[in-house]
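The opening position of the sequence shown corresponds to residue 416 in my numbering, with each subsequent residue numbered one higher.
Even glycine gets a Cβ: it sits at the ideal position worked out from N, Cα and C.
For clarity, every value in this text was computed on a predicted model and none was experimentally measured.
What follows is a short report on a single structure.
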Amino acid sequence: MDDRIGLMGFGSYAPARVMTNDDWSKLVDTDDAWIVARTGIRERRFAADDESTLDLAAAAAEKALADAGIGASDIDEIIVATDTPEVYTPDTAAFLQDRLGAGEVPAFDLGGSGCAGFVLALDIARTRVMAGAQRILVVGVELISRLMDWTDRNTCVLFGDAAGAVVVGRGAVEAELLGATSGTDGSRAGILTLETGGTRRPFSLEEAERGGQHDIVMNGREVFREAVKRMSAATEQVLQKIGRMKEEVALIIPHQANLRIIDAVRSRLGVDEDKVFVNLDRFGNTGSASVPLALAQAREEGRIRAGDLVLLTAFGAGFHWSAAALQF
Ligand SMILES: CC(C)(COP(=O)(O)OP(=O)(O)OC[C@H]1O[C@@H](n2cnc3c(N)ncnc32)[C@H](O)[C@@H]1OP(=O)(O)O)[C@@H](O)C(=O)NCCC(=O)NCCS
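This is the structure in structure tokens:
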């Protein structure tokens with residue numbers, strides 16, 4: 416009997432509206448050359464006015480279910496990783512359970528893990544399958560364009576909206592989840608936060624008069640340094656955990672925040688350029704959606720073949736980090 420635990424279906428969704436660097440240069444004091452040189456981003460997708468986090472999540476989830484050849488009623492748990500939920504309470508997973516027409520199964524959000532949320536959710540799903548669940552829908556979704564400060568050039572040019580989803584289960588899997596590793600350093604929480612609306616800084620008239628935007632507080636250089644350190648260490652840790660060598664890795668799919676971060680991780684690990692998947696030039700940093708979007712696209716573009724060992728590695732606010740190993 417096939418007893419492997421892993422991924423059985425993949426899906427992604429990026430909104431149709433393209434926002435280029437030139438579009439940004441008309442709104443803030445920036446230009447294409449700066450953004451490309453400092454980040455590698457050329458364009459990103461923004462949700463339409465009538466699209467919400469739930470719409471993005473449902474579009475990716477439906478594709479993942481179809482790809483797995485199952486229906487919503489076959490799912491026995493839903494996990495949504497997001498820092499930009501549909502509403503404050505209840506969580507996006509509750510809305511998604513209803514939208515998909517899934518059974519009355521456990522459904523919950525993993526919020527606040529920043530861009531590391533999806534890989535952490537995969538790790539949780541793996542252990543939930545070990546504990547008896549059959550098929551878990553795991554979604555990473557972000558609609559950050561609606562919450563960020565469109566006048567802050569330090570942050571607004573970095574992000575994009577998207578969703579990615581997978582079905583994690585036991586049996587005939589396409590990619591076995593061999594192992595994962597995750598960690599947190601909460602002492603660095605203040606270096607990257609989205610504060611408005613929490614109990615520390617509730618919504619107020621003053622906030623509303625400023626446009627009701629959520630300030631993304633970010634020390635870009637510190638985030639950069641830490642992202643390189645943690646994503647490369649997590650990659651090495653997960654390899655050690657599963658007893659494999661980095662020479663055996665066919666493809667690394669890192670969180671897509673900045674091309675210079677990805678290059679620095681690659682050179683720390685001593686891995687060739689063709690073994691690292693990059694799509695941030697087209698999508699920017701899509702937070703929790705970044706890794707599942709890249710994973711689904713790498714597979715669609717034929718960058719992953721049967722037999723490949725593929726590593727996912729992500730880093731985000733918290734600081735949180737997480738890495739996972741997949742055997743296709
Ligand atoms: C944000 C980031 C791109 C900035 O790049 P950097 O090389 O570190 O740039 P610096 O912070 O040294 O800033 C250089 C200058 O560019 C300016 N600048 C910032 N954003 C700009 C923009 N969009 N266009 C033009 N200039 C900009 C800064 O104001 C600064 O000007 P100053 O020196 O006059 O103050 C980079 O630090 C980064 O990607 N960090 C990680 C961010 C991230 O991934 N966050 C999400 C976490 S998952």
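For the candidate residues the options, whose alpha-carbon lies nearest to that of residue i?
i, options, result
"G717", "F692, D418, A463", "F692"
"E715", "D630, D482, G421, E641", "D482"
"F461", "I450, C530, T435, P505", "T435"
"A711", "A580, D564, L480", "A580"
"I490", "G731, E519, A496", "E519"
"P505", "I668, E492, F523", "F523"
"S705", "V534, D687, T570", "V534"
"A472", "P707, E663, A623, W449", "P707"
"A568", "P500, E637, W449, A517", "One detail in the question is off: residue 568 reads as Arg in this sequence, not Ala. Here the closest residue by C-alpha is W449."
"G685", "I667, F698, A517", "I667"
"H629", "T566, D689, L515", "T566"
"D723", "G731, Q742, S737", "Q742"
"F698", "R459, D447, D437, D417", "R459"
"K656", "T507, A474, L592, A475", "L592"
"T507", "H735, L620, A476", "A476"
"D410", "A463, A590, D564, G484", "Any property of residue 410 remains undetermined from this structure, which presents the chain solely from 416 to 743."
"A540", "V502, P500, A721, V495", "V495"
"G733", "A517, C530, V451", "C530"
"A474", "V451, I677, L515", "L515"
"K661", "D687, R675, D438", "D687"
"V586", "L562, Q549, I677", "According to the sequence provided, residue 586 is Gly. The question's Val does not apply to it. The shortest Cα separation from G586 among L562, Q549, I677 belongs to Q549."
"V502", "V433, G612, S682", "G612"
"A463", "V433, P500, D513", "V433"
"D465", "R561, D513, D437", "R561"
"G484", "F425, D438, P500, D513", "F425"
"R675", "H735, G635, R659", "G635"
Check whether the Cβ atoms of residue i and residue j sit closer than 9 Å, and answer yes or no.
i, j, result
"T614", "M633", "no"
"S467", "D498", "no"
"G594", "V653", "yes"
"L469", "L511", "yes"
"A709", "T596", "no"
"A679", "N700", "no"
"M646", "T728", "yes"
"A413", "V582", "Here the chain covers residues 416 to 743 and nothing more, so residue 413 does not appear."
"I493", "L537", "no"
"A368", "V725", "Nothing can be reported for residue 368, as the shown portion of the chain is limited to 416 through 743."
"K532", "G731", "Residue 532 is actually Gly in this sequence, not Lys. Yes. Within cutoff."
"E651", "I606", "no"
"S385", "G598", "Residue 385 is absent from the structure shown; the chain starts at 416 and stops at 743."
"E622", "R616", "yes"
"I719", "L695", "no"
"V517", "S488", "In the sequence as presented, Val is not what sits at residue 517; that position holds Ala. Contact: yes."
"D564", "I631", "yes"
Pull the bridge partners of residue i from the DSSP assignment, please.
i, result
"N700", "F574"
"G733", "Bridge partners of G733: none, in fact."
"S427", "G579"
"Q712", "DSSP lists no partner for Q712."
"P669", "T728"
"D524", "V495"
"E651", "Its beta-bridge partners do not exist; DSSP assigns none."
"G631", "The displayed chain sequence assigns Ile, not Gly, to residue 631. DSSP, once it has assigned bridges, lists L609 as partnering I631."
"I551", "E492, V583"
"T435", "E458"
"T599", "H735"
"V556", "A578"
"L592", "L741"
"V691", "I667"
"I420", "R585"
Checklist entry - Using 8 Å as the threshold, is the segment 542-561 in touch with the segment 597-605, meaning 3 or more CB pairs across them? => result no
Item to check | Three CB pairs or more closer than 8 Å across the segment 566-578 and the segment 551-558 | outcome: yes
Checklist entry - Does the segment 450-458 come close enough to the segment 424-432 to have 3 or more Cβ pairs within less than 8 Å? => result no
Checklist entry - Given 8 Å as the limit, is there contact between the segment 417-424 and the segment 638-646, that is, 3 or more CB pairs closer than that? => result no
Checklist entry - Given 8 Å as the limit, is there contact between the segment 658-677 and the segment 438-447, that is, 3 or more CB pairs closer than that? => result no
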